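Novice:
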Amino acid sequence: MNFMRFRKIYFLISAAVLVPGILSLIFFGLKPSIDFSGGTLWEILFAEVAVGGQQSGVAGGIEEVFAAQSLEVASVQPSGDDQFIVRTVPLSTEQHEVLVAALRERFGEIEEIKFETLGPTLGREMLLKTLLAIVLAISIILAYVAYRFGDLMFGVTAILAMLHDSLILLGIFSLLGHFASVEVGTLFVTAVLTTLSFSVHDTIVVFDRIREITRSSPVGLEVAIDQAVGETLVRSLNNSLTIIFMLLALFLLGGESLQWFVFALLIGTISGTYSSTFTAAPLLVVWNRLRLRRC
Amino acid sequence: MPKKTFFFGLTFFVFLVVAILVDLSGLVWSANVDLSRFKIPFKRDLSFRYGLDLQGGLQVVLEADMSNIAEGDRDKALESARAVVSRRVDFLGVAEPVIQTSRSGDSCRVIVELPGITDPEQALLLIGQTAQLDFRELSSDDTQEFVGTGLTGKDLSRAEVSFDPNTSGPQISLSFTAEGAAKFEEVTERNIGKPLAIYLDEVLLAAPTVREKISGGSAVISGEFTLSSAKRVVTQLNAGALPTPIRVLERRQIGPALGSETVQKSVIAGLVGLGLVAFFMIGNYGRLGILATAALVIYGIITLALYKLLPVTLTLSGIAGFILSVGMAVDSNILVFERIKEERRWGRELDEAKELGFGRAWDSIRDANLTTLATVFVLFNPLNWSFLVTSGMVRGFALTLGLGVLISLFTGVMVSRALVRMFYR
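Protein chains in written order, with the working numbering: chain C, 1477 to 1771; chain B, 47 to 471.
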């Protein structure tokens, strides 16, 4: 089958997802969680507040309690029937204690589901460290790809496919951040790194096959690429499907706290599978044609 | 059957039975396993360990303010700050607390994890205080009570372990500041033959008897110290001599309700996912799929047993890592099975195709897993490089994913091959 004849369509599909994401990254950026920006995330259960209807009243009340301590609230977001997530500046132990007392006085018994507070300097430090981790991971992967494929063409296209996947992931989360207030923290970075390694290994399987074919029979590179893609497509799809089954189950049935992390892994897996066949391989064809034309 | 295969099979069978027994402890019988009855020196609690996010609790990153401490003394001061925090944590009676130090650039930190704590506010107030060291003498009325001498941690410049030149046993040397030396001279002068008590945070640390008036600002406490007990006292004395005000940099506190619900949901999600994968593999590869599913179940049994034995502290993200690794574990099977199909298509005999499938797929399997392991290495940061993240969430994920990759190399290749050789004819 002639897969590579339709390479323009593959690039178009990628672009359809990439362009909105990149535009969103440029204009909206990502929404950092307190892991990176510092601040407080406070999830409170109000045991004595009636379900549903009064929620907006409670949200306002929470803001008033904070205002009484001259603290500004970034957002109060209902979660479930009787829970609220409050985002605000970093709180000291004393401030936290005063606020708990004030909230109890106003709303009766409360339960703290989660309370996280992080100074802004620590947030910046975390950001720096995660960026370093990404750079280090990419360098190791680069070194490995260079070692496995002495040929520049294979190495660069594998890396381009990997960038394609991370840009798709970042773009989608930028859009999600803007339209659905989804935040990115250290776990998101973990998902990005996992995607990187998955993307490269999926590509390596295809490239391995291309080299095997060119070595054993005297066919042109383009024929070899087509044959390799055809031969690895099923295994690539099957493998991704098993991962997707596990992630989908976790996304739909698992707890809320990991939902976006699992979603990021899901996007990464889908994109990583797509890119090895429909980005890396066609890029090889393009690269090869450019090289032939120049000679 | 060749001898080698038989030996491998037998070892593996024993191994698997042990893993199953480990998995079952806590479900069928008590998790407190004691094998001394069978003359095997093994006594352990074999229940799963849950991280803070799953059982609730408090994690704080404290920064010790070192601005008043000389550069050379900072390691000592940080160690003392850790000792003080850990003493106070003992006071709270928390099971399995984790207290670690870390340095990041100029910042000296103590990381405290207190699982299952019910009153985090109280705990923080207790932990967050600066250590107070003071020297006390017997009061002049005959109440046998110790009263303050005015000599405090501020007057002590440092404490060190030294060795008695005569007995070569460990002892503790104290050196005082100039001001402290004068005070110490006075205090020792009026307390010859009497005990001088040293209190840290209102708790008695040591009460050596004064033999003579000591001038010059250095003194020795000798006694029945072992090296480790002397070191412990020195660390605590230094907590007073090198006081470091502590402030909270980061605090994460999770209620107990959040975790248990999530564990249940994740277990269900994992089982459903496993069912889907098994269904898919059997639908796609028939009998080979059944063998792959068997290998996958073995993978699960071994992995969970290792979690208990090592032990691995399970976090939310760690569970996600495990579930992801189940999806990846069948990857090697798929690579091999596809290869076997191909070799068959190219007209090879079944036996030959089987062996070629495993042989030729190995390169791809190795590459695939190596890239994942490289990423896991960076995420887990095993060498504790201070320029990388050491976040518990990230580590939990990396650990279970990394273990998963290693174990799946074993079950996906060796175990599957044995199963295919035996049952796929």
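Don't be surprised by glycine CBs; every beta carbon is placed ideally from N, CA and C.
Just so we're clear, the structure is a prediction, and the values are computed from it rather than from any experiment.
Apply the 10 Å Cβ neighbour rule to B/Gly319 and answer buried if 16 or more other Cβ atoms are within range, or exposed otherwise.
Specialist: Buried, by the Cβ-count rule.
Novice: With DSSP collapsed to three states, give me the class of C/Gly1529.
Specialist: Below a pLDDT of 50, predicted positions are generally treated as unreliable, and C/Gly1529, at 47, falls in that range; no measurement from the model is reported.
Novice: What residues from the stretch 349-381 of chain B come within 7 Å of chain C, judged by C-beta to C-beta, listed N to C?
Specialist: The residues in question are Leu362, Ser363, Ala366, Ile369, Leu370, Val372, Gly373, Met374, Val376, Asp377, Ile380, Leu381.
Novice: Please confirm whether B/Glu307 and C/Gly1730 have their CB atoms less than 8 Å apart.
Specialist: Their beta carbons are not under 8 Å apart, which means B/Glu307 does not touch C/Gly1730 by this criterion.
Novice: Against chain B, which members of the stretch 1550-1561 of chain C pass a CB distance test of less than 8 Å?
Specialist: Listed by position, the residues of the stretch 1550-1561 of chain C near chain B (Cβ gap below 8 Å) amount to none.
Novice: Taking a contact to mean a Cβ-Cβ separation below 8 Å, would you say B/Leu160 touches B/Val140 in this structure?
Specialist: Yes, these two residues count as a Cβ contact at 8 Å.
Novice: Looking at the structure shown, is C/Pro1496 part of a helix, part of a strand, or coil, going by DSSP?
Specialist: Helix at C/Pro1496.
Novice: Excluding the 5 residues flanking B/Asn284 on each side, which residues of the same chain have their C-beta closer than 6 Å to its C-beta?
Specialist: Closer than 6 Å at Cβ, skipping near neighbours: Lys122, Ser126, Ala205.
Novice: Which residues, in order along the stretch 1602-1615 of chain C, keep a beta-carbon less than 9 Å from a beta-carbon of chain B?
Specialist: From the stretch 1602-1615 of chain C, only Met1602, Leu1604, Lys1605, Thr1606, Leu1608, Ala1609, Ile1610, Leu1612, Ala1613 have a Cβ closer than 9 Å to chain B.
Novice: Output yes if chain B places a C-beta closer than 8 Å to the C-beta of C/Ile1777; else output no.
Specialist: Look at the range of chain C in this structure, 1477 to 1771, and you will see that residue 1777 of chain C is not part of it.
Novice: Taking all protein chains shown into account, do 16 or more other C-beta atoms lie within 10 angstroms of the C-beta of C/Gln1553, making it buried, or fewer, making it exposed?
Specialist: C/Gln1553 should be labelled exposed.
Novice: Alpha carbon to alpha carbon, how far is C/Ala1535 from C/Gly1529? Give it in angstroms, no decimals.
Specialist: Reliability of the predicted coordinates at C/Gly1529 is poor, the pLDDT of 47 falling under 50, and no value is obtained from them.
Novice: At a cut of 8 Å, does the stretch 94-112 of chain B reach the stretch 150-169 of chain B through at least three beta carbon pairs?
Specialist: In short, these stretches touch, since the Cβ pair count reaches three.
Novice: Quick test of the definition: if touching needs 3 or more C-beta pairs under 8 Å, does the stretch 253-270 of chain B touch the stretch 232-243 of chain B?
Specialist: The stretch 253-270 of chain B, when compared against the stretch 232-243 of chain B, does touch it at the 8 Å Cβ threshold.
Novice: For C/Asp1558 versus B/Asp409, is the C-beta spacing smaller than 8 Å?
Specialist: Cβ atoms of C/Asp1558 and B/Asp409: not closer than 8 Å.
Novice: Would B/Arg298 pass as an interface residue toward chain C - the criterion being a Cβ-Cβ separation below 8 Å?
Specialist: Yes, B/Arg298 lies at the interface with chain C (some Cβ there is under 8 Å from its Cβ).
Novice: Between the stretch 1642-1667 of chain C and chain B, which residues of the former have a C-beta closer than 7 Å to a C-beta of the latter?
Specialist: If the cut-off is 7 Å between Cβ atoms, the stretch 1642-1667 of chain C has Thr1662, Leu1663, Thr1666 near chain B.
Novice: Could you give the residue range of the beta strand (DSSP E) that holds C/Lys1590?
Specialist: C/Lys1590 -> beta strand (DSSP E) spans 1586-1594.
Novice: In angstroms with no decimal places, state the Cα-to-Cα distance between B/Glu401 and B/Val158.
Specialist: Whole-angstrom Cα-Cα distance: 53 Å.
Novice: According to DSSP, which residues form a beta bridge with B/Asn78?
Specialist: Partner(s): B/Asp91.
Novice: Take B/Leu197 as the anchor and find which of B/Leu184, B/Glu225, B/Ala177 has the nearest alpha-carbon.
Specialist: It is B/Glu225 whose Cα lies nearest to the Cα of B/Leu197.
Novice: Quick one: Cα of C/Gly1537 to Cα of C/Phe1503, how far?
Specialist: When rounded, the distance between both Cα atoms is 34 Å.
Novice: Can you tell me the Cα-Cα spacing of C/Ile1561 and C/Ser1733, whole angstroms?
Specialist: Whole-angstrom Cα-Cα distance: 13 Å.
Novice: Does the count of Cβ pairs from the stretch 1695-1710 of chain C and the stretch 366-376 of chain B closer than 8 Å reach three?
Specialist: The stretch 1695-1710 of chain C is not in contact with the stretch 366-376 of chain B.
Novice: CA-CA distance, C/Phe1664 and C/Leu1672?
Specialist: So the alpha carbons of these two residues sit roughly 12 Å apart.
Novice: Measuring CA to CA, which of B/Leu465, B/Val451, B/Gln282 is closest to B/Thr176?
Specialist: Residue B/Gln282 is the option with its Cα nearest to B/Thr176.
Novice: Measuring only the C-alpha atoms, how far is C/Ser1682 from B/Leu447?
Specialist: It should be pointed out that residue 1682 of chain C corresponds to Val in this sequence rather than to Ser. In a straight line, the C-alpha of C/Val1682 is about 24 Å away from that of B/Leu447.
Novice: Using the DSSP secondary-structure output, state which residues sit across from B/Ala110 in a beta bridge.
Specialist: In DSSP, B/Ala110 forms a bridge with B/Cys154, B/Ile292.
Novice: Quick one: which residues of the stretch 161-177 of chain B get their C-beta closer than 9 Å to a C-beta of chain C? List them in chain order.
Specialist: From the stretch 161-177 of chain B, only Pro166, Glu167, Leu170, Leu171, Gly174 have a Cβ closer than 9 Å to chain C.
Novice: Give a yes or no on whether the minimum CB-CB distance between B/Leu62 and chain C is below 8 Å.
Specialist: By this cut-off, B/Leu62 is not an interface position.
Novice: Measuring only between beta-carbons, confirm whether C/Val1676 sits less than 8 Å from chain B.
Specialist: Yes - at least one Cβ of chain B is within 8 Å of the one on C/Val1676.
Novice: Based on DSSP bridge pairs, tell me the residues matched to C/Trp1518.
Specialist: Paired residue(s): C/Val1562, C/Phe1591.
Novice: For the stretch 1713-1724 of chain C against the stretch 78-89 of chain B, do three or more pairs of beta-carbon atoms, one drawn from each stretch, fall closer than 8 Å, so that the two count as touching?
Specialist: Segments in contact, no.
Novice: Taking only beta-carbon atoms, is C/Ile1680 less than 8 Å away from chain B?
Specialist: Yes, C/Ile1680 lies at the interface with chain B (some Cβ there is under 8 Å from its Cβ).
Novice: Can you tell which of C/Leu1645, C/Tyr1750, C/Glu1587 has its C-alpha closest to the C-alpha of C/Leu1494?
Specialist: Per the Cα distances, C/Leu1645.
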